[in-house]
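For reference, the structure is listed below as structure tokens.
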Amino acid sequence: MTSIDPLQTDLPPYFSEAALALRWQLACGTLRKWRSRGDGPAYSKLGGRIRYRTIDVLRYEQQVSHAAGSKP
7 MTSIDPLQTD
17 LPPYFSEAAL
27 ALRWQLACGT
37 LRKWRSRGDG
47 PAYSKLGGRI
57 RYRTIDVLRY
67 EQQVSHAAGS
77 KP
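Taken in order, the sequence shown gives residues 7 to 78; the numbers are from my numbering.
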């Protein structure tokens, strides 16, 4: 697995629920369902708002990606 350094990207330090849903082309409700089931990337609740750290999003994306021809 390659090293992830979010400081070397143009990404914000955190994603809101809406921003992550847009990035992944999902409904916000899907992210809510994942959180309730304990699925998806780690998140924090800051000031009553859900936030996903960029490093956690990038790690999750690497974790769930599959090489061409491999079985999920």
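Ideal Cβ positions, reconstructed from N, Cα and C, are used throughout, including at glycine.
Query: Tell me which same chain residues have a C-beta within less than 8 Å of the C-beta of A24, skipping the five on either side of it?; Result: C34
Query: Hey, how far is the Cα of Q69 from the Cα of R57?; Result: 19 Å
Query: Tell me which residue opens and which closes the alpha helix (DSSP H) that Y66 is part of.; Result: T60 to V70
Query: Using only the alpha-carbon positions, how far apart do L32 and G53 sit?; Result: 24 Å
Query: In chain order, what residues of the same chain lie with their CB nearer than 6 Å to the CB of S50, ignoring the 5 residues before and after it?; Result: R57
Query: Quick check on the DSSP output: the beta strand (DSSP E) that includes L28 runs from which residue to which?; Result: Not the beta strand (DSSP E): L28 falls in the alpha helix (DSSP H), residues E23 to W30.
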